[in-house]
Amino acid sequence: MIAINLTFFLQSKESIYGTVDYIDSIIGKFKNFGEHKVYPFISPYAPTLDPGSIAFEEPAKYGYVVLHRTLEEHYNAFNKLSWKDFFNYRTENLSPDDIIDLTYDTAVKLSHIKRKHNMVNDEYVKNMERQVEISRDVMKKVAQISMMNINDNEQEINLMRAEINESMKPLIYKNKELNWPRSRKSLNVYVLNILGKILRRL
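Under the numbering used here, the letters of the sequence shown match residues 176 to 377, in that order.
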């Protein structure tokens, strides 16, 4: 199987959409080689540049702008409600908001391409569209909640719990393709790993 793993790096919005079209053409060229010989997926590098990595230490050289550098800045970011606030970087061409919008757009576009080449069924495409719709809606509500006082936040979050849990389902990949930490415990482990890297730099 050939896996096409493409991430948003120095790309612009236009080049990312062009990449999706290129994926379509690549699948078409290999479609006679059997089912799932080529399996594409596209994603952002999210949500953090690893502290201590070359890109984190020399962001301008690699097209990044680092938004959070200190332990306190990362801690405060991970305490926020929306995953867009977890980002500790932007690129020369894309803000965190841009990256998230492109993540959702390309997830849907890629699902239609996979359906076109009989890699998935109609149900897969409908589920993808529904999950993206829910996620966009939840992000808007979370942004509104973040501007309320803490007591209102807690009440609203409890009312939205079912929608938030739904949006936490893998949007771009099947479970076998990517296992993002979905539970609070696994997310805490991920955050601790990031914070550990920052501490080792001190």
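Heads up, the beta-carbon is just placed ideally off N, CA and C, and yes, glycines get one too.
It should be emphasised that the depicted structure is a prediction, and the values quoted were computed from it without experimental measurement.
Alpha carbon of residue i to alpha carbon of residue j, nearest angstrom
i: Trp258; j: Ala318; result: 11 Å
i: Phe261; j: Asn293; result: 36 Å
i: Leu277; j: Met314; result: 14 Å
i: Lys244; j: Ala230; result: Per the sequence shown, the amino acid found at residue 244 is Arg instead of Lys. In a straight line, the C-alpha of Arg244 is about 12 Å away from that of Ala230.
i: Lys236; j: Asp196; result: 28 Å
i: Lys289; j: Thr194; result: 14 Å
i: Tyr299; j: His287; result: 9 Å
i: Leu334; j: Ile201; result: 44 Å
i: Ser190; j: Phe253; result: 30 Å
i: Leu216; j: Lys291; result: Per the sequence presented here, residue 216 reads as Phe, with Leu not at that position. C-alpha separation (whole angstroms): 15 Å.
i: Tyr264; j: Arg311; result: 21 Å
i: Gln330; j: Ser228; result: 40 Å
i: Leu269; j: Leu242; result: 13 Å
i: Ile320; j: Asn251; result: 17 Å
i: Tyr214; j: Asp273; result: 25 Å
i: Asn296; j: Glu248; result: 43 Å
For residue i, the three-state DSSP class (helix, strand or coil)
i: Leu181; result: Because the pLDDT of Leu181 is 48, which lies under 50, any placement of that residue in the model is unreliable, and the number read from its coordinates should be weighed accordingly. Correct three-state label for Leu181: strand.
i: Met322; result: coil
i: Ser187; result: coil
i: Tyr192; result: helix
Element boundaries [alpha helix (DSSP H), containing residue i]
i: Val295; result: Looking at the DSSP string, Val295 is not in any alpha helix (DSSP H), and its letter there is neither H nor E.
Exercise. Below 8 Å, can you find three or more Cβ-Cβ pairs linking the segment 273-290 to the segment 298-315?
Worked result: Taking 8 Å as the limit for Cβ pairs, the verdict is that the segment 298-315 does touch the segment 273-290.
Problem set entry | beta strand (DSSP E) runs contained entirely in the segment 212-280, provided each spans 3 or more residues | Entirely contained in the segment 212-280, the beta strand (DSSP E) runs reaching 3 residues are, in chain order, 213-219, 239-241 and 264-266.
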